[in-house]
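Q:
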Amino acid sequence: MERSNRAQVELAVDELLGDLSGITTDRFASLLGEQYGETARPANLGEILLITGKVTAEQLNEVLDIQQNQEEGKRERLGLLLLRKKYLTEEDIYTALSLQLSIPFFKELDTSRLNLDLVKKLPINFAKKFKILPLWEQDGELLVAVDNPLDPSPLEDLRMLLDLEVRPVLAMSTTIIDAINKIYDRVTNTEQVMDQLDGDEVGIDLDESQDLIEADDEAPIIRLVNTMMYRAVKEGASDIHIDPFEKESRVRFRIDGVLHEVLQPPKRYHNSLASRIKIMAKLNIAEKRLPQDGRIKIKIAGKDIDIRLSTLPTPHGERVVMRLLDKSNVVRTLDQLGFGDHVLVKLRENITKPHGVLIVCGPTGSGKTTSLYACLNAIYSPEKNILTVEDPVEYQLDGIGQIAVNAKINLTFANVLRSILRQDPDVIMIGEIRDPETAEIAIQASLTGHFVFSTVHTNDSYGVVTRLVDMGIEPFLIASSLVGVLAQRLIRTLCPNCKREYEPDNAELAILNINRKDLIGGNLWKAVGCPQCQGLGYKGRMGIHEFLPIDDDLRTVILKGSDSVILKRVAVSRGMKTLREDGAMKVVKGFSTIEEVLKVTQVDSTIE
53 MERSNRAQVE
63 LAVDELLGDL
73 SGITTDRFAS
83 LLGEQYGETA
93 RPANLGEILL
103 ITGKVTAEQL
113 NEVLDIQQNQ
123 EEGKRERLGL
133 LLLRKKYLTE
143 EDIYTALSLQ
153 LSIPFFKELD
163 TSRLNLDLVK
173 KLPINFAKKF
183 KILPLWEQDG
193 ELLVAVDNPL
203 DPSPLEDLRM
213 LLDLEVRPVL
223 AMSTTIIDAI
233 NKIYDRVTNT
243 EQVMDQLDGD
253 EVGIDLDESQ
263 DLIEADDEAP
273 IIRLVNTMMY
283 RAVKEGASDI
293 HIDPFEKESR
303 VRFRIDGVLH
313 EVLQPPKRYH
323 NSLASRIKIM
333 AKLNIAEKRL
343 PQDGRIKIKI
353 AGKDIDIRLS
363 TLPTPHGERV
373 VMRLLDKSNV
383 VRTLDQLGFG
393 DHVLVKLREN
403 ITKPHGVLIV
413 CGPTGSGKTT
423 SLYACLNAIY
433 SPEKNILTVE
443 DPVEYQLDGI
453 GQIAVNAKIN
463 LTFANVLRSI
473 LRQDPDVIMI
483 GEIRDPETAE
493 IAIQASLTGH
503 FVFSTVHTND
513 SYGVVTRLVD
523 MGIEPFLIAS
533 SLVGVLAQRL
543 IRTLCPNCKR
553 EYEPDNAELA
563 ILNINRKDLI
573 GGNLWKAVGC
583 PQCQGLGYKG
593 RMGIHEFLPI
603 DDDLRTVILK
613 GSDSVILKRV
623 AVSRGMKTLR
633 EDGAMKVVKG
643 FSTIEEVLKV
653 TQVDSTIE
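Going by this note's numbering, the sequence shown wraps up at 660, each residue one higher than the last.
#1: Residue range of the alpha helix (DSSP H) that Y282 falls in?
#2: Mapping DSSP to helix, strand and coil, what is N429?
#3: R165 by DSSP, collapsed to three states: which one?
#4: For G483 and S154, what's the separation of their Cα atoms in angstroms?
#5: So, using beta-carbon positions, are T490 and A456 closer together than 8 Å?
#6: Compute the Euclidean distance between the alpha carbons of R568 and L542, then round it to the nearest angstrom.
#7: In the DSSP output, what is T507 paired with across the bridge?
#8: Just to confirm, is the Cβ distance from E193 to V171 under 8 Å?
#9: On the CB-based measure, 16 or more other CB atoms within 10 Å of its CB, does S56 come out buried or exposed?
#10: Look at the alpha carbon of N437 and the alpha carbon of V479, and state the distance between them as a whole number of angstroms.
#11: Could you name the residues of the same chain whose beta carbon sits closer than 7 Å to that of K405, not counting the 5 residues immediately before and after it, in chain order?
#12: How far does the alpha helix (DSSP H) with G595 in it extend, from its first residue to its last?
#13: Does the contact criterion of 3 or more C-beta pairs under 8 Å hold for the region 626-643 versus the region 517-536?
#14: Helix, strand or coil: which one does DSSP assign to R470?
#15: Answer with buried or exposed for V107, where buried requires no fewer than 16 other C-beta atoms within 10 angstroms of its C-beta.
#16: If you count every other CB in all the chains shown that lies within 10 Å of the CB of I228, and 16 or more means buried, which is it?
#17: Let me know the secondary structure DSSP gives K340 once reduced to three states.
#18: For L564, report the span of its alpha helix (DSSP H) as first-last.
#19: Enumerate, from N- to C-terminal direction, the unbroken beta strand (DSSP E) stretches of 3 or more residues contained entirely within the region 283-312.
#20: Compare the beta carbon distance of Y554 and K591 with 8 Å and say whether it is the shorter of the two.
#21: Quick check: the Cα distance between L619 and V537, rounded to an integer number of angstroms?
#22: If you draw a straight line from the alpha carbon of G74 to that of L210, how long is it in whole angstroms?
#23: Below 8 Å on the Cβ atoms is my guess for D291 versus M374; work out the distance and round it to an integer in Å.
#24: Run through the DSSP bridge pairs and tell me what E193 is partnered with.
#25: For E648, count the other beta carbons within 10 Å of its own beta carbon; 16 or more makes it buried, fewer makes it exposed. Which is it?
#26: Following the continuous beta strand (DSSP E) through I572, name the residue where it begins and the one where it ends.
#27: Taking 8 Å as the threshold (C-beta atoms), are N549 and Q584 in contact?
#28: When the Cα of D634 is compared with those of A539, V221, V609, which residue comes out closest?
#29: In or out: D308 buried (at least 16 other Cβ within 10 Å) or exposed?
#30: Unbroken beta strand (DSSP E) runs of length 3 or more, entirely within the region 208-241: which are they?
#31: Mapping the DSSP letters down to three states, classify K651 as helix, strand or coil.
#32: Report buried or exposed for T653, applying the criterion of at least 16 other Cβ atoms within 10 angstroms of its Cβ.
#33: Would you call the region 469-476 and the region 410-425 in contact, with 3 or more CB pairs under 8 Å?
#34: Is DSSP giving V373 helix, strand or coil here?
#35: To which residues of the same chain is I411 closer than 6 Å at the C-beta, ignoring the five residues directly before and after it?
#36: Tell me, to the nearest whole angstrom, how far the beta carbon of I352 is from that of M281; I am working on the premise that it is less than 8 Å.
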């Protein structure tokens, strides 16, 4: 190919491989001909990669030599060798294949355009095995995303199954799998499954390693439970509540901290639902008189989900609550948790101290463990020995030793802590201080040169001191070991797609003591509701915080045995922002609403 023609091709590549979501394969081939010329079009992958500047001649020759020296019949493909040498990315390979084969390459798949009627006819196991997904019809043909268009068998099987002419388009295997996981909800409407319920069936146990949406059990009860769990994960629920009443059962999902009713199964199926879930958790299905706790490990749409199960007997049947933990979630950094600068600076300063106790407090589900993980992530280094004791281990932290307590074998927080202190730790994280014994060991560990992170269930930061005293810890030990207390709550954040500005009246501003001159453009924001947020007006949550650093003045107050009211007055006088004040700042910035802050905070009357 002439040098000038190559330069022209290089300039045309980006335009040619731009947005191809609406282009036909014939049009794509025509564009190739226009850009390259029929005689100049490159025929092999190596030449295309050279032309597009993805590899150098030296890199290509090196890989070709490796290929030639491999045993006949066992030679690896050129693209795989280049990937293994890290000379290019998977996307580079697909781009070059697209040019070579005259097939459009879709970097993303718009699942909203997919023909669901066609997708439902294709078994998910087949789709995942061959990385193939029917997209939409175009010019009398069905476009089909594949990662290997050189294998005609799956395409031919699909043509026969759907009785349609098919034409392939290229997509990366990860893109196809992600689209499959999003689109395959075998029973999108749980009422359809309930229509098939014909008795109190329970069924057999579920293979833990199997992806729930690939399970082929046909028992309606099993399908209903699978569908509920899949839907809960899909909608971002943190909990599933199944409550029995006199005439019906109710299924509710907790999404962004708020319960929403999603289903009302007939009462006669409640025992079967509860039994199926207990089987998955390996609990005793015959015991319905006593509370039981268990765990379920499943995979849903490629995600590893850990479910904590609790059952409780009621007059109308067993009440079931499941807490869902997505093990694939990445541990967040401190910068991602919504800390205000007034909190973040002091928090970073205190977590780097050589010894002491830092406590995070708040009610259940307020994000305490997430904050602790972020702190551990911030201070981690290979030079530090960091150990955690948790119930359960919620997320895996690379480079940190994590131990799960087990009350059934008397592996309690206190018992584990005694052994941990013999493991030469620098930093210890205790999931929760629940009893005097655990509190005493935590305090003693900090006094012997360790830094201890933990949580306590109190409503505010200054209430932690009172709680520790109630547990029998002497005030002088608290004053000498405690370095800071972080209190937090979670508030729902406004949906960015539909939130709307409005001018608040003085009464609204007075509720949170907001000064009108602090408002951006003189307005606040309110929730509206749209399809993206399921009509709620909110999407996601963020934290509001107050941080109480224990300085010399506060130590003096603690030593005097003063109550939490006095402690709070001293802390506020020294510049501490309360939970409600931090929430007001988030409202002014347009993250949330006054109503959300009022739901989780109390009036700061004690600071008057």
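Ideal Cβ positions, reconstructed from N, Cα and C, are used throughout, including at glycine.
The model shown is predicted, which means the values in this text are computed figures rather than measured ones.
A: With the given structure in hand:
#1: Residue mapping note: residue 282 aligns to position 230 of the sequence shown, counting from 1. Y282 -> alpha helix (DSSP H) spans 272-286.
#2: One-based indexing of the sequence shown puts residue 429 at position 377. Helix.
#3: The residue labelled residue 165 in the question sits at position 113 within the sequence shown. Looking at R165 - three-state DSSP - the assignment turns out to be helix.
#4: Within the sequence shown, residue 483 is the residue found at index 431, counting from 1. Within the sequence shown, residue 154 is the residue found at index 102, counting from 1. Taking the straight line from one Cα to the other gives about 57 Å.
#5: Within the sequence shown, residue 490 is the residue found at index 438, counting from 1. Within the sequence shown, residue 456 is the residue found at index 404, counting from 1. No, they are not a contact pair.
#6: Position 516 of the sequence shown, counting from 1, holds the residue named residue 568. Position 490 of the sequence shown, counting from 1, holds the residue named residue 542. The C-alpha of L542 is placed about 25 Å away from the C-alpha of R568.
#7: On the sequence shown, position 455 is the one that residue 507 refers to. BP columns for T507 point to V412.
#8: Position 141 of the sequence shown, counted from the start, is the residue given in the question as residue 193. Position 119 of the sequence shown, counted from the start, is the residue given in the question as residue 171. No, Cβ-Cβ distance for E193 and V171 is not below 8 Å.
#9: Taking the first residue of the sequence shown as 1, we reach residue 56 at position 4. Note that S56 has pLDDT 43, beneath the 50 cutoff, so the model's placement of it is unreliable and the number below is only indicative. By the neighbour-count rule (16 or more Cβ atoms within 10 Å), S56 is not buried but exposed.
#10: Numbered from its first residue, the sequence shown carries residue 437 at position 385. Numbered from its first residue, the sequence shown carries residue 479 at position 427. When rounded, the distance between both Cα atoms is 6 Å.
#11: For the purposes of this step, residue 405 is identified with residue 353 of the sequence shown, where counting begins at 1. Within the same chain, K405 has close Cβ partners F503, V535.
#12: For the purposes of this step, residue 595 is taken as the residue at position 543 of the sequence shown. Per DSSP, G595 belongs to no alpha helix (DSSP H); it is in the beta strand (DSSP E), 590-601.
#13: no
#14: Numbered from its first residue, the sequence shown carries residue 470 at position 418. Here R470 sits in helix by DSSP.
#15: To locate residue 107, count along the sequence shown from 1; it is residue 55. The residue is buried, with at least 16 neighbouring Cβ atoms inside 10 Å.
#16: For this step, residue 228 is matched to residue 176 along the sequence shown. Buried, by the Cβ-count rule.
#17: Working through the sequence shown from its first residue, we reach residue 340 at position 288. Looking at K340 - three-state DSSP - the assignment turns out to be coil, as it is neither helix nor strand.
#18: Residue numbering aside, residue 564 sits at position 512 when the sequence shown is read from its first letter. Boundaries for L564: no alpha helix (DSSP H) harbours it, and the DSSP string shows neither H nor E there.
#19: 289-296, 301-307
#20: What you label residue 554 is simply residue 502 of the sequence shown in a count that begins at 1. What you label residue 591 is simply residue 539 of the sequence shown in a count that begins at 1. No.
#21: As a first step, residue 619 must be located in the sequence shown, where it is residue number 567. As a first step, residue 537 must be located in the sequence shown, where it is residue number 485. If I take the Cα positions, the gap works out to 12 Å.
#22: Taking the sequence shown and counting its residues from 1, one reaches residue 74 at position 22. Taking the sequence shown and counting its residues from 1, one reaches residue 210 at position 158. Annotation note: pLDDT 47 at G74 (below 50); position unreliable, no value reported.
#23: Within the sequence shown, numbered from 1, the residue matching residue 291 stands at position 239. Within the sequence shown, numbered from 1, the residue matching residue 374 stands at position 322. About 7 Å separates the two Cβ atoms, so the contact holds.
#24: Translated into positions along the sequence shown, residue 193 becomes position 141. In DSSP, E193 forms a bridge with Q190.
#25: On the sequence shown, position 596 is the one that residue 648 refers to. With 16 or more Cβ atoms within 10 Å of its Cβ, E648 is classed as buried.
#26: Residue mapping note: residue 572 aligns to position 520 of the sequence shown, counting from 1. Neither: I572 is in no beta strand (DSSP E) and is coded neither H nor E.
#27: Taking the first residue of the sequence shown as position 1, residue 584 is located at position 532. Taking the first residue of the sequence shown as position 1, residue 549 is located at position 497. Yes, they are a contact pair.
#28: In the sequence shown, the residue the question calls residue 634 occupies position 582. Looking at the Cα atoms, A539 is the closest of the given residues.
#29: As a working note, residue 308 is residue 256 in the sequence shown. Taking all protein chains shown into account, D308 has 16 or more neighbouring C-beta atoms within 10 Å of its C-beta and is therefore buried.
#30: 218-222
#31: Along the sequence shown, one-based indexing puts residue 651 at 599. Residue state, collapsed to three classes: helix.
#32: As a working note, residue 653 is residue 601 in the sequence shown. The residue is buried, with at least 16 neighbouring Cβ atoms inside 10 Å.
#33: no
#34: For the purposes of this step, residue 373 is taken as the residue at position 321 of the sequence shown. Reduced to three states, the DSSP call for V373 is strand.
#35: Taking the first residue of the sequence shown as 1, we reach residue 411 at position 359. Excluding sequence neighbours, I411 sits near S506, V508, V516, V537.
#36: Numbered from 1 along the sequence shown, position 300 holds the residue referred to as residue 352. Numbered from 1 along the sequence shown, position 229 holds the residue referred to as residue 281. The pair is a contact, with the Cβ atoms about 6 Å apart (cut-off 8 Å).
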